[in-house]
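Here's the structure, in structure tokens; my notes come after.
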Ligand SMILES: [Zn+2]
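Residue numbers (our numbering): 177 to 386.
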């Protein structure tokens, strides 16, 4: 598995470029910004984008998706429960002092039990509402790796005070779904440093005493 993590944009969203080294097929997760840099990584590895996967419809995660789709022809995948948030992208951009993004079109909705396949790599989609209604995580069982979006961070969890956020839901998603993964699972959060499920189970203050 080729896996490069590139912090993109002013909020340094962790964009993942994941590819099968044999078939040279790739998926790009959360191309929030800096599409030229993402394309340089794709070119460096000589891989072709098959899917653009968005963990949730916040502008720092989705801002570069249309540009990447135009450049690669790959479809954009997002859970349908975040479609309402797409209409608020202009407002999100204003809060962050960013320029108004172009309209984002979604090609497919993905949810629980769906798989995203790129070459021999398989990611199971986990619908984990809370940070937003349509937040998803992607779990690669063979590699024991979780792309967590803004649901789980090293030592913290996603904020729930933005439109569509719910503290009860994110806690439920974390306990019922995310913490059911093995301790060894490497977690790639939407921002900041990597962690493991074991670390977070043991020391994340939001995940204790439940
Ligand atoms: Zn977010």
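No residue lacks a Cβ here, since even glycine has one placed at the ideal position from N, Cα and C.
Buried versus exposed, by CB contacts within 10 Å (16 or more), residue i
i           : result
residue 289 : exposed
residue 198 : exposed
residue 287 : exposed
residue 267 : exposed
residue 387 : As displayed, the chain neither begins before 177 nor continues past 386, which places residue 387 out of reach and without an answer.
Close Cβ partners of residue i (< 6 Å) along its chain, the five nearest in sequence each way excluded
i           : result
residue 209 : 184, 185, 239 and 240
residue 321 : 362
residue 136 : Any question about residue 136 goes unanswered here, given that the chain covers just 177 to 386.
residue 242 : 278 and 280
C-alpha gap between residue i and residue j, whole angstroms
i           : j           : result
residue 236 : residue 205 : 12 Å
residue 251 : residue 226 : 7 Å
residue 348 : residue 294 : 30 Å
residue 376 : residue 331 : 6 Å
residue 380 : residue 271 : 29 Å
residue 337 : residue 234 : 13 Å
residue 212 : residue 342 : 34 Å
Contacts around residue i, its chain only, beta-carbon distance under 7 Å, and the 5 residues preceding and following it disregarded
i           : result
residue 221 : 178 and 195
Option nearest residue i by Cα separation, candidates the options
i           : options               : result
residue 283 : 360, 274, 254 and 224 : 254
residue 378 : 355, 369 and 268      : 355
residue 248 : 259, 273, 216 and 365 : 216
residue 319 : 352, 341 and 357      : 357
residue 300 : 313, 347 and 181      : 313
residue 285 : 327, 232, 382 and 275 : 232
residue 353 : 191, 324 and 331      : 324
residue 229 : 256, 272 and 275      : 256
residue 311 : 273, 340, 212 and 191 : 340
Cβ-based neighbour list, residue i, same chain, cut-off 8 Å, excluding 5 preceding and 5 following
i           : result
residue 189 : 183, 206, 208, 209, 236, 237, 366 and 367
residue 350 : 304, 306, 327, 328, 333, 382 and 383
residue 219 : none
Fill in: Length-filtered (4 minimum) alpha helix (DSSP H) runs lying within the stretch 249 to 291
Correct list: 259 to 262 and 265 to 272.
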